[in-house]
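Down below is the structure, laid out as structure tokens.
Protein chains: 4
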Amino acid sequence: MDEARDVAAPVPPGMSTGRIEAFSDGVFAVAITLLALDLPRPEPGHGSLAHELVQGWPQYLAFVVSFFTVGIIWVNHHAQFAVIKHADRTLLFLNLTLLLFVTVLPVTTSVAASYLRDGGDEARLAVALYALSLEVMSLSFYCVWRHAGRAGLIVASLSPQMLRRRTRRNMVGHVVYLAAAVLALLSPFAALALCGAVAVYYVHPGARGAPED
Amino acid sequence: MDEARDVAAPVPPGMSTGRIEAFSDGVFAVAITLLALDLPRPEPGHGSLAHELVQGWPQYLAFVVSFFTVGIIWVNHHAQFAVIKHADRTLLFLNLTLLLFVTVLPVTTSVAASYLRDGGDEARLAVALYALSLEVMSLSFYCVWRHAGRAGLIVASLSPQMLRRRTRRNMVGHVVYLAAAVLALLSPFAALALCGAVAVYYVHPGARGAPED
Amino acid sequence: MDEARDVAAPVPPGMSTGRIEAFSDGVFAVAITLLALDLPRPEPGHGSLAHELVQGWPQYLAFVVSFFTVGIIWVNHHAQFAVIKHADRTLLFLNLTLLLFVTVLPVTTSVAASYLRDGGDEARLAVALYALSLEVMSLSFYCVWRHAGRAGLIVASLSPQMLRRRTRRNMVGHVVYLAAAVLALLSPFAALALCGAVAVYYVHPGARGAPED
Amino acid sequence: MDEARDVAAPVPPGMSTGRIEAFSDGVFAVAITLLALDLPRPEPGHGSLAHELVQGWPQYLAFVVSFFTVGIIWVNHHAQFAVIKHADRTLLFLNLTLLLFVTVLPVTTSVAASYLRDGGDEARLAVALYALSLEVMSLSFYCVWRHAGRAGLIVASLSPQMLRRRTRRNMVGHVVYLAAAVLALLSPFAALALCGAVAVYYVHPGARGAPED
Chain B
706 MDEARDVAAP VPPGMSTGRI EAFSDGVFAV AITLLALDLP RPEPGHGSLA
756 HELVQGWPQY LAFVVSFFTV GIIWVNHHAQ FAVIKHADRT LLFLNLTLLL
806 FVTVLPVTTS VAASYLRDGG DEARLAVALY ALSLEVMSLS FYCVWRHAGR
856 AGLIVASLSP QMLRRRTRRN MVGHVVYLAA AVLALLSPFA ALALCGAVAV
906 YYVHPGARGA PED
Chain G
706 MDEARDVAAP VPPGMSTGRI EAFSDGVFAV AITLLALDLP RPEPGHGSLA
756 HELVQGWPQY LAFVVSFFTV GIIWVNHHAQ FAVIKHADRT LLFLNLTLLL
806 FVTVLPVTTS VAASYLRDGG DEARLAVALY ALSLEVMSLS FYCVWRHAGR
856 AGLIVASLSP QMLRRRTRRN MVGHVVYLAA AVLALLSPFA ALALCGAVAV
906 YYVHPGARGA PED
Chain E
706 MDEARDVAAP VPPGMSTGRI EAFSDGVFAV AITLLALDLP RPEPGHGSLA
756 HELVQGWPQY LAFVVSFFTV GIIWVNHHAQ FAVIKHADRT LLFLNLTLLL
806 FVTVLPVTTS VAASYLRDGG DEARLAVALY ALSLEVMSLS FYCVWRHAGR
856 AGLIVASLSP QMLRRRTRRN MVGHVVYLAA AVLALLSPFA ALALCGAVAV
906 YYVHPGARGA PED
Chain Y
706 MDEARDVAAP VPPGMSTGRI EAFSDGVFAV AITLLALDLP RPEPGHGSLA
756 HELVQGWPQY LAFVVSFFTV GIIWVNHHAQ FAVIKHADRT LLFLNLTLLL
806 FVTVLPVTTS VAASYLRDGG DEARLAVALY ALSLEVMSLS FYCVWRHAGR
856 AGLIVASLSP QMLRRRTRRN MVGHVVYLAA AVLALLSPFA ALALCGAVAV
906 YYVHPGARGA PED
């Protein structure tokens with residue numbers, strides 16, 4: 706649909722962003738659904754069901770944090786692409802890098818959750834790596850946005866002030882994730898909670914106006 | 706597409722619901738397809754194929770109930786968003802919570818099915834948890850709808866009468882799921898059948914007029 | 706988008722079919738991708754890689770047959786919904802039933818493939834069940850079409866002659882699948898080949914005019 | 706939406722390409738997300754976490770190469786269908802063949818990665834097969850394009866010169882993949898790097914103008 710318009714235009718103004726969003730939504734949807742596949746699935750004959758379920762609580766916690774983190778990234782990706790009017794190959798590449806770290810998240814979540822459940826010393830490293838995987842995801846997100854700003858891919862109706870405000874908001878996440886990666890070496894559960902707090906932050910503060918803000 | 710319009714408008718009227726639906730559809734589609742992955746897959750050399758297949762009947766039953774439940778939730782989600790004209794951050798968060806419980810369903814289905822097949826006493830707890838997972842999914846669905854009504858996100862053309870009728874219909878599910886969770890402690894199979902009856906109810910009674918009713 | 710129009714219309718003419726197609730496409734896409742997950746994945750230290758790969762040929766064959774069968778069903782689903790202008794709840798339910806058998810196909814394919822590879826007597830039953838799973842999928846497809854015709858959900862521009870021609874074409878598949886289910890009891894490989902022939906038939910004969918024919 | 710237009714037109718001009726793109730995007734999105742599922746997931750009690758992660762490096766490398774290869778194929782698929790205005794059954798069949806090899810890629814990647822990690826002699830064959838799986842994917846992509854050109858399915862606004870330029874660009878991939886398959890018999894890691902270089906090539910050189918070039 707949009708494709709046809711691009712092609713018919715005298716000078717192709719770049720790639721339409723509709724299919725980038727559709728593809729990204731697909732990856733977000735699959736990754737967020739796969740997160741649940743690693744929740745504990747007790748089986749008959751391996752100890753009491755109730756006991757198995759209670760033991761699984763670090764896995765539920767990690768699942769919920771990762772689920773809402775991907776959800777929030779999806780919401781912000783949506784808001785971001787609402788003001789990106791065209792795409793160049795660099796943007797596509799940066800967006801693919803973001804999606805790569807989204808697809809990796811079910812794996813880092815699963816590893817962190819199983820070490821947290823085990824309770825041994827290696828849980829520190831496992832959660833630090835988990836926080837780092839969120840950090841690189843967040844960083845890729847920031848790079849998509851910064852490139853779009855510099856390459857003039859953003860709609861003119863967005864004021865420079867709003868542009869700066871969004872860039873600042875984007876910064877918060879990856880500062881806190883780095884802090885969480887360090888904190889994990891002291892207390893893995895505190896680090897996981899801090900990662901969850903980022904998701905809560907991104908749900909709340911901009912809620913006054915339109916969700917795009 | 707819709708994005709462009711939002712941005713061009715003098716005062717951004719909120720987030721368009723098109724991409725929320727697309728993302729939700731993706732999660733529904735992945736979760737409903739993953740349900741089948743836990744069906745019994747007999748392998749050569751582990752007893753007769755026919756015997757293995759017949760033994761698997763509680764798993765087929767749980768699969769069919771979950772499949773049509775997700776299907777019906779998807780249909781009603783569609784009808785719901787047909788009259789929600791904008792989204793705010795709370796709606797996005799509530800919708801994510803709904804999707805979280807949709808992604809958890811393949812896990813609770815799998816656990817309930819394997820305990821039902823085993824036939825031991827723990828099947829009661831496993832099916833009670835299954836019914837509760839449907840209940841929280843149903844509750845999240847109701848919260849999306851109630852928030853949309855209170856926050857004025859619903860199209861004006863929907864009469865207050867129709868609004869109330871839909872709210873009542875939404876209530877049915879989570880009352881019955883709670884009853885099923887209690888019933889499971891007496892008879893897990895009766896509870897599973899009751900959960901299936903909810904799906905049948907949501908397919909049928911509103912069928913006179915348009916499916917949106 | 707289409708939703709808004711439905712709602713604004715004085716008398717809601719029924720559910721738009723756009724989101725049914727989007728959801729169905731999602732299920733088709735996930736199911737067709739999951740088919741490949743059961744291909745043999747030889748691992749180091751379990752015999753020669755070349756030998757393992759050659760042994761896996763019944764699995765490749767079953768995969769290719771199922772892949773193109775889902776692909777063709779998707780193509781025909783597309784052609785079908787191109788002329789279905791509205792949906793009622795029965796159509797939604799029948800379409801969900803079709804999707805249920807689509808999601809089951811990776812399981813029946815996997816079971817048939819592993820018994821075919823094993824080469825024992827039970828391969829007959831495994832392939833007969835596989836053919837039956839294609840048959841019920843095909844039957845659901847036919848029921849969607851028949852209901853749409855009877856309930857007046859089809860665009861007026863489709864001539865009764867074309868309607869009958871399509872109905873006849875739809876019949877072919879489920880006659881042949883039933884034959885394949887019987888043939889499997891004699892020769893599972895011949896039955897699998899016959900299932901593959903149905904996919905080839907649906908790719909070819911209507912190819913003269915538009916793919917909708 | 707587009708469907709309606711096709712049907713209303715006096716002479717159906719062929720199948721609209723919108724739903725082909727949507728379905729293909731779905732398969733691309735699922736396959737690219739499944740790639741990550743085979744990354745190493747160390748578990749407590751099986752040796753040091755750090756050691757396990759470091760040992761996994763061939764698996765990370767294979768994952769990144771496959772991820773960006775699917776990503777680039779998706780980008781080029783998008784650019785290709787931006788100028789394909791209609792589809793016939795042959796195009797649908799060729800596109801399905803392309804998607805078949807896309808869904809197979811998580812399997813060939815997983816096999817190549819596990820043999821590379823093992824480090825034995827069979828890694829040569831495993832990586833050669835991996836390169837061949839990329840080659841047939843690339844070849845299918847080329848066949849879609851060539852058929853569209855010959856069958857007059859391409860928009861008139863694309864100059865013959867641009868058509869030839871794109872055809873030449875499409876050739877690069879499958880020449881290099883064949884070379885990589887041969888190279889794998891000498892050095893599997895060099896072959897994997899060569900496959901990665903193709904993805905880098907397709908990100909870069911056309912970057913001067915619009916991404917459609």
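Protein chains in written order, with our numbering: chain B, 706 to 918; chain G, 706 to 918; chain E, 706 to 918; chain Y, 706 to 918. Beta carbons: idealized from backbone N, C-alpha and C, even for Gly.
Is the CB of residue i under 9 Å away from at least one CB in chain Y?
i, result
"V908 of chain B", "no"
Measuring alpha carbon to alpha carbon, tell me which of the options ends up nearest residue i.
i, options, result
"W850 of chain E", "E:Q760, E:R829 and E:H782", "E:H782"
"D730 of chain Y", "Y:V775, Y:A833, Y:P865 and Y:A895", "Y:V775"
"R794 of chain G", "G:T722, G:S838, G:L897 and G:F768", "G:T722"
"P747 of chain Y", "B:F894, B:C848, B:A736 and B:E827", "B:E827"
"T872 of chain B", "B:S843, B:F894, B:F798 and B:F773", "B:S843"
"D743 of chain Y", "Y:T802, Y:Q760 and Y:V816", "Y:V816"
"T738 of chain Y", "Y:L810, Y:Q760 and Y:N800", "Y:L810"
"A818 of chain B", "B:V887, B:F894, B:E757 and B:V788", "B:F894"
"A833 of chain B", "B:H756, B:G824, B:D823 and B:L897", "B:L897"
"D823 of chain G", "G:S864, G:Q764, G:G857 and G:I777", "G:Q764"
"L799 of chain E", "E:A755, E:A736 and E:V841", "E:V841"
"H852 of chain B", "B:I789, B:W762, B:V769 and B:H756", "B:I789"
Does any residue of chain B have a CB that is nearer than 9 Å to the CB of residue i?
i, result
"A831 of chain G", "yes"
"H783 of chain Y", "yes"
"A898 of chain G", "no"
"L758 of chain Y", "yes"
"G901 of chain Y", "no"
"V807 of chain Y", "no"
List, in order along the chain, the chain B residues whose C-beta lies closer than 7 Å to that of residue i?
i, result
"P747 of chain Y", "V816"
"V780 of chain Y", "L797"
Residues of chain E with CB under 7 Å from residue i, in chain order?
i, result
"E827 of chain Y", "P749 and L754"
"F798 of chain Y", "V908"
"R851 of chain Y", "Ordered by position in chain E, no residue passes the 7 Å Cβ test against R851 of chain Y, which lies about 18 Å from the chain."
Name the chain E residues that come within less than 8 Å of residue i, Cβ to Cβ?
i, result
"L821 of chain G", "None at all; the shortest Cβ gap to chain E is about 18 Å."
Does chain G have any CB closer than 9 Å to the CB of residue i?
i, result
"F772 of chain B", "yes"
"A741 of chain B", "yes"
"M834 of chain E", "The sequence given here has Leu at residue 834 of chain E, not Met. Output row for L834 of chain E: interface = yes."
Assuming contact is defined by CB atoms lying nearer than 9 Å, are residue i and residue j in contact in what I supplied?
i, j, result
"R829 of chain B", "L740 of chain B", "no"
"S771 of chain E", "F806 of chain E", "no"
"Y820 of chain Y", "C900 of chain Y", "no"
"Y882 of chain E", "L839 of chain E", "yes"
"W779 of chain B", "F728 of chain G", "yes"
"T808 of chain G", "A767 of chain G", "no"
"I725 of chain B", "L797 of chain B", "yes"
"V908 of chain E", "F773 of chain E", "yes"
"P745 of chain Y", "L758 of chain Y", "yes"
"A831 of chain Y", "L754 of chain E", "yes"
"V812 of chain G", "V735 of chain B", "no"
"I777 of chain B", "A904 of chain B", "yes"
For residue i, go through chain B and note every residue whose CB falls closer than 9 Å to its CB, in chain order.
i, result
"T722 of chain G", "The contacting residues do not exist; T722 of chain G stays about 11 Å from chain B at best."
Applying a beta-carbon distance threshold of less than 7 Å, which residues of chain G neighbour residue i?
i, result
"G824 of chain B", "By Cβ distance, chain G contributes nothing, its closest Cβ being about 22 Å from G824 of chain B, past 7 Å."
At the 9 Å Cβ level, is residue i part of the contact set with chain E, yes or no?
i, result
"L803 of chain G", "no"
"V769 of chain G", "yes"
Using a C-beta to C-beta distance shorter than 9 Å, which residues of chain G count as neighbours of residue i?
i, result
"P811 of chain E", "T738, A741 and L742"
Residue i versus chain Y: which residues are under 7 Å apart at the beta carbon?
i, result
"G776 of chain E", "L801"
Subject >> chain Y contacts from the segment 726-738 of chain E (Cβ-Cβ distance under 8 Å) >> reply: E726, A727, D730, G731, F733, A734, V735, I737 and T738
Subject >> Contact list for the segment 853-881 of chain B against chain Y, Cβ threshold 7 Å >> reply: none
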